Amino acid sequence: MAALMLSLPSGAEPFVPQDDATVVQRLPYRIDAAERQRRAALARDPGQLALAAAEAREALRRARVHGDPRELGAAQAALAPWWGQADAPAQAVLLRARVRQAQHDFDAALADLHRLLARPDLALADRAQALLDAAALHQLRAELPQARGLCEQLRAAAPLQASACLAELDSLTGQAPAAAQVLARLGADRSPAPWLALMRAELAERLGDDAAAPMLYRLALAGEDEVYTRAALADWLLARQRAAEALTLLERSPDADADALLLRRVIAMRQLGRDTTALAARMRERLRAADRREPGKHAREQARFALDVMQQPRDALRLAQANWGLQREPADAVLLLRAALAAGREGDEPRRALARELRAMGWQDARLTALDRSFAS
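Per numbering that gives the first Met the number 0, the sequence shown starts with residue 0, numbered consecutively.
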């Protein structure tokens, strides 16, 4: 990744506080009394699995909602007694795999889940969760046949999640309109499930349904205001040059300084012609910090920064290609195509290779077609 980061100017060394009383940053959320009690109990006896699992689960929730990568360290610390154990209890393995996925260590996360699924005495609920998590990871890497096989196994234990999983896979293999209808039916008779609304919103965006997509994104936000969902809606607005709305949406978040939202704030301000010097410098340092934590695992954000903030299309293309080698979600395909088009002739072959790959899968995405008609199915 060092070569890929050459486009980001070097900066000062990381700040190291001189004593424990130094305030480095104030969190936008508080740790409650129950959390403090759990931590104190675990400090006395780290081997309490039920407490450790509760602590890791809550840290993962905060990481997801607030977009704070430090919470992944808290989750890993809670699981420390079982972190290196291949035969750790199922609870610990499931949570360990989720931490590794969040850290972009997809190979290790999948290895954990597949080893767990091989256990003959695995409880039904743990098996269902492992199947769902493994299917999501295979889908993230565009390993769609493997994901489909896992979703099929999920039918008996979790029919709603299995149906949604299979519909989303259908949407990526040439059956997007039918998949949208299935997902709509799944959500019709239930109180709104944020995860299902988000799945429907992303599919509506891929179908070019500009009426349904923002409505569904806002429905998903009404459940639990997660950084990922707010960023996805901001991206929808930014793609339509509605930067003022995107900026308002981002600045109203209690987690407006989270990395994903900060990046989009810089992009929105740039679209509006405002001075981004200070925010861009902060974002650049965040990207360096992320690369120090998990080297080579954050090329998506680095490519987006290079393309939409620094306006360095060749560097953006190189980073987008590295990211495509790690994860292959629809947003990654759009980013790679945008970078390839911006890079001019240097991007011609990557663009053609992407088109061949997606055409073979039957991948449908109105955003790709709007950028390049050769991506039309």
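Ideal Cβ positions, reconstructed from N, Cα and C, are used throughout, including at glycine.
Everything numeric in this text was worked out from a predicted model, so none of it was measured.
- Around the beta carbon of A133, 16 or more other beta carbons lie within 10 angstroms, which makes this residue buried.
- The Cβ-Cβ distance between A243 and L260 does not fall below 8 Å.
- In this structure, the straight-line span from the alpha carbon of R337 to that of A231 is close to 17 Å.
- DSSP places W362 outside both helix and strand once states are collapsed to three, so it counts as coil.
- In this structure, the straight-line span from the alpha carbon of A342 to that of R350 is close to 10 Å.
- For L153, there is no enclosing alpha helix (DSSP H), as DSSP gives it neither H nor E.
- If you check the CB distance, M268 and L246 come in under 8 Å.
- Every unbroken stretch of the alpha helix (DSSP H) spanning 4 or more residues and falling wholly within the region 75-146 is given here in chain order: 89-101, 105-116, 123-139.
- Closest in alpha carbon position to E151, among C164, L139, R61, is C164.
- The shortest C-alpha to C-alpha distance from D224 to any of P158, H65, E345, A39 is the one to H65.
- Between P329 and R205, the beta carbon gap of about 6 Å places them in contact (Cβ cut-off 8 Å).
- Look at L206 here: in three-state DSSP terms it is coil, with no helix or strand label.
- Taken in chain order, no unbroken stretch of beta strand (DSSP E) lies wholly in the region 197-269 with a span of 3 residues or more.
- Inclusion of L171 and L143 in the CB contact set at 8 Å is warranted, their separation being smaller than that value.
- Beta-carbon to beta-carbon, L182 and R199 are separated by about 5 Å, close enough to satisfy the 8 Å threshold.
- Around the beta carbon of R229, 16 or more other beta carbons sit within 10 angstroms, so the residue counts as buried.
- Contact between the region 249-258 and the region 272-280 is not established, with fewer than three Cβ pairs separated by less than 8 Å.
- Put simply, of A122, A124, A175, L109 the residue whose alpha carbon is nearest the alpha carbon of A146 is L109.
- With at least 16 other beta carbons inside 10 angstroms of its own, D331 counts as buried.
- In the three-state reduction of the DSSP assignment, L48 falls in the helix class, which pools H, G and I.
- A211 has its alpha-carbon roughly 32 Å from the corresponding atom of K296.
- Under the DSSP assignment, D274 falls outside any alpha helix (DSSP H); it carries neither an H nor an E label.
- Here the alpha carbons of L41 and D67 stand approximately 22 Å from one another.
- Contact check for E201 against L262 fails: the beta carbons are separated by 8 Å or more.
- As the crow flies, the alpha-carbon of R366 is around 33 Å from that of R291.
- With distances taken between CA atoms, P80 lies nearest to R95 out of R95, M214, A58, L335.
- Under the three-state reduction of DSSP output, D169 falls in the helix class.
- Judged by beta-carbon spacing, L93 lies within the 8 Å limit of D125, meaning their Cβ atoms are closer than that value.
- Going by C-alpha positions, Q240 is about 25 Å away from N322.
- By the criterion of a C-beta distance shorter than 8 Å, E167 is surrounded in its chain by Q138, A178, L182, M198, L202, once the five residues flanking it on both sides are discounted.
- When the beta-carbon positions are compared, R217 and D258 stay at least 8 Å from each other.
- The shortest CA-to-CA distance from Q100 to any of R140, Q84, A196, L159 is the one to R140.
- Only buried fits G346, as 16 or more other CB atoms lie within 10 angstroms of its CB.
- DSSP, reduced to helix, strand and coil, places E300 within a helical segment of the structure shown.
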